[in-house]
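Student:
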Amino acid sequence: NVFIHASLAFAALSSVLLPVAAKKLQWSRLSGLSVLLLPLMALVAVIEVFESHPFAHAGAYSWLISIAAYVFLLMQQHLPKGAIPRAPLLWIVAVIGAMEWQYQLVQLVGRDGVWYQIGWAVVPMLLVAAMCYWQFHRKDPLSINALACARVWVWTACIPLVAFVIVWFMGMSLNSDGNAAPLPYIPLLNPLDIALAGGLLLLLIWHRLIAQHFQKRVKVIPMVAGLMAFTLLNGVLLRTLHHWVGTPFQWVAIFDYPVVQMAFTLLWTTTAFILMLLAHKQAKRHVWIIGAGLMGLVVAKIFLLDLAQHGTVERIVSFIGVGLMLLVMGYFAPLPPTQIEEAQTEKETA
Numbered sequence: 471n472v473f474i475h476a477s478l479a480f481a482a483l484s485s486v487l488l489p490v491a492a493k494k495l496q497w498s499r500l501s502g503l504s505v506l507l508l509p510l511m512a513l514v515a516v517i518e519v520f521e522s523h524p525f526a527h528a529g530a531y532s533w534l535i536s537i538a539a540y541v542f543l544l545m546q547q548h549l550p551k552g553a554i555p556r557a558p559l560l561w562i563v564a565v566i567g568a569m570e571w572q573y574q575l576v577q578l579v580g581r582d583g584v585w586y587q588i589g590w591a592v593v594p595m596l597l598v599a600a601m602c603y604w605q606f607h608r609k610d611p612l613s614i615n616a617l618a619c620a621r622v623w624v625w626t627a628c629i630p631l632v633a634f635v636i637v638w639f640m641g642m643s644l645n646s647d648g649n650a651a652p653l654p655y656i657p658l659l660n661p662l663d664i665a666l667a668g669g670l671l672l673l674l675i676w677h678r679l680i681a682q683h684f685q686k687r688v689k690v691i692p693m694v695a696g697l698m699a700f701t702l703l704n705g706v707l708l709r710t711l712h713h714w715v716g717t718p719f720q721w722v723a724i725f726d727y728p729v730v731q732m733a734f735t736l737l738w739t740t741t742a743f744i745l746m747l748l749a750h751k752q753a754k755r756h757v758w759i760i761g762a763g764l765m766g767l768v769v770a771k772i773f774l775l776d777l778a779q780h781g782t783v784e785r786i787v788s789f790i791g792v793g794l795m796l797l798v799m800g801y802f803a804p805l806p807p808t809q810i811e812e813a814q815t816e817k818e819t820a
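For the sequence shown, the numbering used here assigns the number 471 to the initial residue and increments by one for each residue that follows.
1) Please state the DSSP three-state secondary structure of A539.
2) Please state whether DSSP places T717 in a helix, a strand or coil.
3) Can you give me the C-alpha to C-alpha distance between W676 and Q685, rounded to a whole angstrom?
4) Once the 5 residues before and after V706 are set aside, which same chain residues still bring their CB inside 8 Å of it?
5) By DSSP, does L653 sit in helix, in strand, or in coil?
6) Unbroken alpha helix (DSSP H) runs of length 4 or more, entirely within the stretch 524–608: which are they?
7) Is DSSP giving G763 helix, strand or coil here?
8) Looking only at C-alpha atoms, which of H527, A492, M595 and W625 sits nearest to G552?
9) For M601, is the beta carbon positioned less than 8 Å from some heavy atom of the ligand COA?
10) Please classify H756 as buried or exposed, where buried requires at least 16 neighbouring CB atoms within 10 angstroms.
11) Along the chain, where does the alpha helix (DSSP H) that runs through K751 open and close?
12) Using the C-alpha atoms, what's the distance from G793 back to P630?
13) Just to check my reading of the structure: V593 and A564 have Cβ atoms closer than 8 Å, yes? What is that Cβ distance to the nearest angstrom?
14) Looking at C-alpha atoms only, which residue of G668, G529, P524 and L559 is the closest neighbour of Y540?
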């Protein structure tokens with residue numbers, strides 16, 4: 471490892487000196503070899519994955535030197551244009567930063583508990599937020615060159631990091647009980663839920679900036695964000711029942727515990743009602759259909775699962791609560807009219 475880190479630092483310093491030597495020797499192609507620093511950094515990063523402590527054996531110095539050297543080459547425009555010589559740098563920093571962050575975190579709190587689980591997303595989220603702020607913090611309109619640069623760093627380079635945050639979000643929402651001992655579990659105010667909410671907010675901000683500056687509306691992102699929000703609510707509910715009521719943090723508990731069945735029935739019903747009401751107010755039929763589909767799932771759940779709990783108070787509460795909500799939905803949130811139907815209504819009114 472010492473040899474690898476020393477070689478990386480030597481290659482980084484050499485890559486900085488190559489453009490100087492090329493100018494002295496009037497050998498322009500010599501400076502082009504500086505771009506080889508990036509694949510070398512990528513190779514060392516792959517090796518570091520199996521070591522779990524990138525900064526060991528003078529690794530901190532070699533990585534800081536190599537990253538600084540490559541940034542210097544970028545700033546001096548000694549490297550080719552485009553995303554290929556730039557985007558991988560952010561990915562390498564994310565891998566090395568996340569691994570070192572996790573190593574230091576283990577030394578402080580160990581691998582047990584929610585802190586270690588949250589830690590995997592800290593560096594990717596910070597990098598995405600930093601790229602967004604770096605490229606778009608100016609109030610003045612961006613020039614063509616600035617937009618091209620922002621497209622590389624905020625769009626191309628950040629896509630894998632955003633994808634990782636989404637996968638991490640779903641995994642944590644569904645599989646972590648949120649135990650942050652000695653802190654008590656308070657819904658939405660505990661470390662896990664705050665981190666998950668931060669990841670969801672970051673995704674929405676990133677997508678808004680992409681749509682605003684690049685006219686790139688990734689249609690799947692709003693749907694993914696909606697699914698993430700719904701998953702977060704379900705995870706918060708199951709974790710709350712686990713810590714406050716004592717039900718096990720297992721998704722199969724929805725089949726075995728009446729209180730869990732009732733809680734999920736009421737949550738899904740309320741979510742469906744909010745979706746259908748907002749869709750009716752904003753005349754968005756596709757959102758209303760999603761809410762109606764969720765409501766259909768609730769009705770199916772009642773007949774297939776909830777009613778199987780004979781004689782329980784939870785079964786009665788679920789049945790009455792959903793019935794009342796259906797009546798309210800029919801009155802306050804009917805299906806929005808299509809654009810054609812709305813236009814015809816306006817003509818008749820006129």
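Using N, Cα and C, we set each Cβ at its ideal position, and we do this for glycine too. All figures in this text were calculated on a predicted structure; none of them were measured in a lab.
Tutor: Taking the definition as stated:
1) helix
2) coil
3) Looking at the two C-alpha atoms, the distance is approximately 13 Å.
4) P657, L658 and D663
5) In the structure shown, L653 sits in coil (DSSP, three-state: anything other than H, G, I, E or B).
6) 529–545, 557–579 and 584–606
7) If DSSP states are grouped into helix, strand and coil, G763 belongs with the helices.
8) W625
9) Ligands in the displayed structure: none, and consequently the ligand COA is not present.
10) Flag for H756 reads exposed.
11) DSSP places K751 in the uninterrupted alpha helix (DSSP H) bounded by P728 to Q752.
12) 44 Å
13) 6 Å
14) Considering only alpha carbons, the answer is L559.
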